[in-house]
Amino acid sequence: MSVLEKQPPEPEAHEHHHEEPFWRKYIFSQDHKVIGIQYGFTALIFLLVGFSLMLMMRWQLAFPGKPIPIVGGLLGSANAPGGIMLPEFYNQLGAMHGTIMVFLAIVPLAVGAFGNYVVPLQIGAPDMAFPKLNMASYWVYATGGVVMLASFFVPGGAANSGWTSYPPLSTIATQGQTWWLVGMIFLITSSLLGSVNFIVTILQLRAPGLTLMRLPFFVWSQLVTAFLLLLAFPPLEAAGVLQLMDRIANTSFFTPSGLVVSGEVLDVAGGGSPLLWQHLFWFLAHPEVYVLILPAMGIVAEVIANNTRKPLWGYRSMVYAAVFLGFMSFIVWAHHMFLTGMGTTISAFFQTTTMIISIPSVIILTALFISLWGGSIRFNTPMLFALAFLPMFGIGGLTGLPLGLSASDIHLHDTYYVIGHFHYVVAPGTIFAMFAGIYYWFPKITGRRMNETLGKLHFWPSLIFMNGIFMPMFVQGLAGVSRRLYDGGMQYDHAQDVLQWNSFMSYSAFGLLAAQVPFLINFFKSIRWGAAVDSNPWRATTLEWAAAPSPPVAHGNFPEEPVVRRGPYEYSVPGHDSDFLPQHAAVQEA
Amino acid sequence: MQIPYTVEERPDTGLYNAKLGVWLFLASEVMLFGALFSSYILLRTGDPSFMIVPHAIAEQLGHAGHGELRWPAELNVPIAFVNTLVLIFSSVTIVMSWASLRLRKLDKFRLWMGLTLLCSLVFLVLKAVEYNAKFSHHLLPGTANFLAIYFTLTGLHALHVIGGVVVNGYLWGPGAKMWKSDPARFTNRVEVAGLYWHFVDLVWIFLFPSLYLL
Numbered sequence: 004m005s006v007l008e009k010q011p012p013e014p015e016a017h018e019h020h021h022e023e024p025f026w027r028k029y030i031f032s033q034d035h036k037v038i039g040i041q042y043g044f045t046a047l048i049f050l051l052v053g054f055s056l057m058l059m060m061r062w063q064l065a066f067p068g069k070p071i072p073i074v075g076g077l078l079g080s081a082n083a084p085g086g087i088m089l090p091e092f093y094n095q096l097g098a099m100h101g102t103i104m105v106f107l108a109i110v111p112l113a114v115g116a117f118g119n120y121v122v123p124l125q126i127g128a129p130d131m132a133f134p135k136l137n138m139a140s141y142w143v144y145a146t147g148g149v150v151m152l153a154s155f156f157v158p159g160g161a162a163n164s165g166w167t168s169y170p171p172l173s174t175i176a177t178q179g180q181t182w183w184l185v186g187m188i189f190l191i192t193s194s195l196l197g198s199v200n201f202i203v204t205i206l207q208l209r210a211p212g213l214t215l216m217r218l219p220f221f222v223w224s225q226l227v228t229a230f231l232l233l234l235a236f237p238p239l240e241a242a243g244v245l246q247l248m249d250r251i252a253n254t255s256f257f258t259p260s261g262l263v264v265s266g267e268v269l270d271v272a273g274g275g276s277p278l279l280w281q282h283l284f285w286f287l288a289h290p291e292v293y294v295l296i297l298p299a300m301g302i303v304a305e306v307i308a309n310n311t312r313k314p315l316w317g318y319r320s321m322v323y324a325a326v327f328l329g330f331m332s333f334i335v336w337a338h339h340m341f342l343t344g345m346g347t348t349i350s351a352f353f354q355t356t357t358m359i360i361s362i363p364s365v366i367i368l369t370a371l372f373i374s375l376w377g378g379s380i381r382f383n384t385p386m387l388f389a390l391a392f393l394p395m396f397g398i399g400g401l402t403g404l405p406l407g408l409s410a411s412d413i414h415l416h417d418t419y420y421v422i423g424h425f426h427y428v429v430a431p432g433t434i435f436a437m438f439a440g441i442y443y444w445f446p447k448i449t450g451r452r453m454n455e456t457l458g459k460l461h462f463w464p465s466l467i468f469m470n471g472i473f474m475p476m477f478v479q480g481l482a483g484v485s486r487r488l489y490d491g492g493m494q495y496d497h498a499q500d501v502l503q504w505n506s507f508m509s510y511s512a513f514g515l516l517a518a519q520v521p522f523l524i525n526f527f528k529s530i531r532w533g534a535a536v537d538s539n540p541w542r543a544t545t546l547e548w549a550a551a552p553s554p555p556v557a558h559g560n561f562p563e564e565p566v567v568r569r570g571p572y573e574y575s576v577p578g579h580d581s582d583f584l585p586q587h588a589a590v591q592e593a
Numbered sequence: 023m024q025i026p027y028t029v030e031e032r033p034d035t036g037l038y039n040a041k042l043g044v045w046l047f048l049a050s051e052v053m054l055f056g057a058l059f060s061s062y063i064l065l066r067t068g069d070p071s072f073m074i075v076p077h078a079i080a081e082q083l084g085h086a087g088h089g090e091l092r093w094p095a096e097l098n099v100p101i102a103f104v105n106t107l108v109l110i111f112s113s114v115t116i117v118m119s120w121a122s123l124r125l126r127k128l129d130k131f132r133l134w135m136g137l138t139l140l141c142s143l144v145f146l147v148l149k150a151v152e153y154n155a156k157f158s159h160h161l162l163p164g165t166a167n168f169l170a171i172y173f174t175l176t177g178l179h180a181l182h183v184i185g186g187v188v189v190n191g192y193l194w195g196p197g198a199k200m201w202k203s204d205p206a207r208f209t210n211r212v213e214v215a216g217l218y219w220h221f222v223d224l225v226w227i228f229l230f231p232s233l234y235l236l
């Protein structure tokens, strides 16, 4: 049979019965596609904001004590007198870079944008299960983002106790910390609304015939992610409430007795435990790193299956691995706390679970690598980003093992090695997967393709500069250079031999900024002038491409409800004249 | 566009959307209160003087010279006990309100849901009386960590009660209009609100012994 004849009708064929007013259609929209785009734009802006904060930090690390060019004069004398950054301001930048990147950029992009837009389409659903909650989730997120940004302008500036906000430092910090806590409570509420919605949508709204084992791997990754968000975030909310009480109601949940600050005993009841915060924080924040990586793995799996024109190798093992990963991620948190003196027994437990959790990650990565074997690979831009994800995430993951072993962690803890490790996972790992997703689903959203030449001009320099930034961090970290030093380690003897890398890394970071210019041009130009494509330009099997027009029908997605007949990756099935069999296509038996 | 399974159950999961949604929400709530209860346990076992009323406070309460005063003593057990009964009774009434809708009796629904609301208000008033007594004796969250956890846990629980009053009040009042247009969906809404309300009661049933009695 010919699949191409089965193309769904183009959107022109669908008549609107009534036009909604602008504000209902684009601002307070309940359509998952519009909400996904809102999330996407907002998250990309925050990605740029978080990146800009980092660029200022990198300037300071490379050229400590020199005025910051261009923006230096705009930062105000409280932050950078004469354009020269103060240590207090560096601390704000560090704390807010982490907070913005994790909670306002990557997770909203991976879950809010891609999840929202793609999941209902991939499962053949007309929308999310709770459209009003979906809308509320976006607006609560946006409010949280505004609170976080506003905190830069309060007396004392934004939160400056690290993105981890460890007490007692955070308890006695300036007012910005309170704003941070309030902002976090908004973001946690948003993620709660979102995660309930995702789980219900995936379990309840699957099209007829779409069994769990026929779900595209991306949907599985979103399902596991939603469970992590649902169950891991509340303990941080609890911790946030307790810290807020410490700061506002003068309680001492995290303040020990007899704490001396600036030569005076703090006037509180005391008896609290600073370590309690760390346990509650990492109970969220370890599952959180899987929230960052799982959707990325999902996107990469989609792109790889599509561009190798082969079924994913080991789909079932990947699904089981993702579920196991989700479960295990709840019992590894204290490997962030080996240096807190919690004792060898507890350390042994957590280092064992940490070694175990590396197994499912390796299974997924291996399955993706083997999927490449023997395929006639199409090297388009989404595929390049997806392929680069594999070794980059590999480096990030493998360098995590020495941190998970309590003996080697004693040397590496809080050094640049840690920064290198998790940035390899999140930056050339997750962010590359996000770019793969943007290039891959752009035609679905706009009906136009992004330019391939500009795409490659974006990809290759980004790959080189990413490694230029993060690879030297391993060198510095192994030499013992601590993170969070506002002069990059200049005052330390043991850092002298590796200090020259600071300017190298910073130049790489500025290069990375330049490498995003082709992307921005490509992105905005293609919305309007990109090459128009039919509804399934990648010749993909999954429902969002095969059963819906590009862009999908405004309310309801599908011209007719798809009925699923087979698994998600039926590429190059022998005996058919096209190399892909859409999940819903009826095939006449020969 | 019609979203499937808003009213009827999906055959393979046996649930309608909102019911699955509220169960997931409650799972998240369990993690929230679970973290707070764990913090309570950790703080209490980690600090030997956690349950001992600071000397200055004991004196101010007129307990000087009677040996060391331990914490739960200052909490008002009779009021909390009455509140426990009130909440348990309200759990029964909200089930009755749902059952009335299943029997297609809107009047009975209004009566039982009204009783539920009354119980919630009684609970909140008694809670306010308790708080007021603490405040007037200068027993504040910052006074000692036991009071800090007491105010945080009961305060967060009271916020949940207020949330329940808002939802139940809506269903009792303006929301009941849906009974005319979509009775099956309205019945589901009451069931879902009921599940949430049972959870709020359950939290209190844990709070009462662990704060007032132990």
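Here the protein sequences come in this chain order: A and B. All residue numbers for the first sequence refer to the working numbering, where the first residue is 4 and numbers rise by one. All residue numbers for the second sequence refer to the working numbering, where the first residue is 23 and numbers rise by one. We treat Cβ as the ideally placed atom computed from N, Cα and C, and that holds for glycine. For clarity, every value in this text was computed on a predicted model and none was experimentally measured.
**Request:** Report yes if the C-beta distance between residue 74/B and residue 212/B is below 9 Å; otherwise report no.
**Result:** Cβ atoms of residue 74/B and residue 212/B: not closer than 9 Å.
**Asked** To which residues of the same chain is residue 226/B closer than 8 Å at the C-beta, ignoring the five residues directly before and after it?
**Response** Only 105, 106, 109 and 179 meet the Cβ criterion.
**Item:** Supposed close pair residue 220/A, residue 321/A - CB separation, criterion 8 Å
**Value:** The pair is a contact, with the Cβ atoms about 6 Å apart (cut-off 8 Å).
**Asked** For residue 412/A, which of 354/A, 382/A and 445/A has the nearest alpha-carbon?
**Response** With distances taken between Cα atoms, residue 412/A lies closest to 354/A.
**Message:** Suppose the cutoff is 8 Å on Cβ atoms and the five residues either side in sequence are ignored; what does the same chain contact list for residue 478/A look like?
**Reply:** Exclusion of the five residues before and after residue 478/A leaves 501 and 504 as the residues of its chain whose Cβ lies within less than 8 Å of its Cβ.
**Message:** So, for residue 157/A: in the same chain, excluding its five sequence neighbours on each side, which residues have a beta-carbon less than 7 Å away from its beta-carbon?
**Reply:** So the qualifying residues of the chain are 178, 179 and 182.
**Asked** Given that a residue counts as buried once 16 or more other Cβ atoms are within 10 Å of its Cβ, and exposed if not, what is residue 6/A?
**Response** With a pLDDT of 45 at residue 6/A, under the threshold of 50, the modelled position of this residue cannot be trusted, and the question is left open.
**Message:** Check whether the stretch 135-143 of chain A and the stretch 193-212 of chain A touch, using three or more Cβ-Cβ pairs below 8 Å as the test.
**Reply:** These segments touch.
**Request:** Whole angstroms is fine: what's the gap from residue 550/A's alpha carbon to residue 236/A's?
**Result:** Cα-Cα distance, rounded: 35 Å.
**Asked** For the stretch 458-522 of chain A, which segments carrying the alpha helix (DSSP H) assignment without a break, of at least 4 residues, lie completely within its bounds, in sequence order?
**Response** The stretch 458-522 of chain A is shown to contain no whole alpha helix (DSSP H) run of 4 or more residues.
**Request:** Could you tell me the distance, in whole angstroms, from the CA atom of residue 65/B to the CA atom of residue 243/A?
**Result:** Cα to Cα, residue 65/B sits roughly 16 Å from residue 243/A.
**Request:** Please name the residue, chosen from 194/B, 224/B and 152/B, that lies closest to residue 55/B on a Cα-to-Cα basis.
**Result:** Nearest in C-alpha terms to residue 55/B, of all of 194/B, 224/B and 152/B, is 224/B.
**Prompt:** Helix or strand or just coil, what does DSSP make of residue 408/A?
**Reply:** Residue state, collapsed to three classes: coil.
**Message:** Helix, strand or coil for residue 141/A? Go by DSSP, reduced to three states.
**Reply:** Secondary structure of residue 141/A (DSSP, three-state): helix.
**Request:** Alpha carbon to alpha carbon, how far is residue 126/A from residue 209/A? Give it in angstroms, no decimals.
**Result:** Each residue's alpha carbon lies about 5 Å from the other.
**Request:** Name, please, each residue of chain B whose Cβ falls closer than 8 Å to the Cβ of residue 255/A.
**Result:** Those are 164, 167 and 170, listed as they occur along chain B.
**Prompt:** Rounded to whole angstroms, how far is the Cβ of residue 315/A from the Cβ of residue 374/A, which I believe are closer than 8 Å?
**Reply:** Indeed they touch by this definition, with Cβ atoms about 5 Å apart.
**Message:** Using 8 Å for Cβ pairs, my map puts residue 310/A next to residue 380/A. What's the rounded Cβ distance?
**Reply:** Contact flag correct, Cβ pair sits at about 6 Å.
**Message:** Closer than 7 Å between beta carbons: that is the criterion. Which residues of the stretch 208-227 of chain B meet it against chain A?
**Reply:** Taking 7 Å as the cut-off between beta carbons, none of the residues of the stretch 208-227 of chain B comes near chain A.
**Asked** Exposed or buried, residue 618/A, counting other C-beta atoms within 10 Å across all chains shown (16 or more means buried)?
**Response** With chain A running from 4 to 593 in the structure shown, residue 618/A is simply not present.
**Touching by the beta-carbon criterion (3+ pairs, under 8 Å), the stretch 245-258 of chain A and the stretch 155-173 of chain A** = As far as the Cβ criterion goes, the stretch 245-258 of chain A touches the stretch 155-173 of chain A, which means the pair count is three or higher.
**chain A residues whose Cβ lies nearer than 8 Å to that of residue 65/B** = The contacting residues are 256, 274, 275, 276 and 279.
**Asked** Just the Cα atoms here: how many angstroms apart are residue 191/B and residue 134/B?
**Response** Rounded to whole angstroms, residue 191/B to residue 134/B spans 12 Å at the Cα level.
**Message:** Three Cβ pairs or more, each shorter than 8 Å: is that satisfied between the stretch 30-42 of chain B and the stretch 559-574 of chain A?
**Reply:** With the rule of 3 Cβ pairs closer than 8 Å, the stretch 30-42 of chain B does not count as touching the stretch 559-574 of chain A.
**Message:** Given this structure, state the Cα-to-Cα distance separating residue 211/A from residue 36/A, to the nearest angstrom.
**Reply:** About 22 Å.
**Message:** Closest to residue 576/A by C-alpha separation, out of 189/A, 269/A, 370/A and 313/A, would be which residue?
**Reply:** That would be 313/A, whose Cα lies nearest to the Cα of residue 576/A.
**Request:** Give a yes or no on whether the minimum CB-CB distance between residue 49/B and chain A is below 9 Å.
**Result:** Look at residue 49/B: its C-beta is under 9 Å from a C-beta on chain A.
**Message:** What does the Cβ neighbour count give for residue 26/A, buried or exposed, with the cut at 16 atoms within 10 Å?
**Reply:** Looking at its Cβ environment, which holds fewer than 16 other Cβ atoms inside 10 Å, residue 26/A is exposed.
**Item:** Interface residues of chain A facing residue 133/B [CB-CB closer than 8 Å]
**Value:** Ordered by position in chain A, no residue passes the 8 Å Cβ test against residue 133/B, which lies about 30 Å from the chain.
**Request:** Check whether the Cβ atoms of residue 142/A and residue 99/A sit closer than 9 Å, and answer yes or no.
**Result:** For residue 142/A and residue 99/A, no; Cβs fall outside 9 Å.
**Local conformation of residue 382/A per DSSP, three classes** = Residue state, collapsed to three classes: coil.
**Span separating the alpha-carbon of residue 340/A from that of residue 174/A** = Between the C-alpha atoms of residue 340/A and residue 174/A there is a straight-line separation of about 20 Å.
**Message:** For residue 23/B and residue 33/A, I'd like the C-alpha separation in whole angstroms.
**Reply:** Their Cα atoms are separated by approximately 12 Å.
**Asked** Does residue 139/B get closer than 9 Å to chain A when you measure Cβ to Cβ?
**Response** No, no contact with chain A.
**Prompt:** If we cut at 9 Å on Cβ distances, does residue 192/B have a partner in chain A?
**Reply:** By this cut-off, residue 192/B is not an interface position.
**Asked** Among all the DSSP beta bridges, which residues are the ones paired with residue 451/A?
**Response** DSSP, once it has assigned bridges, lists 535/A as partnering residue 451/A.
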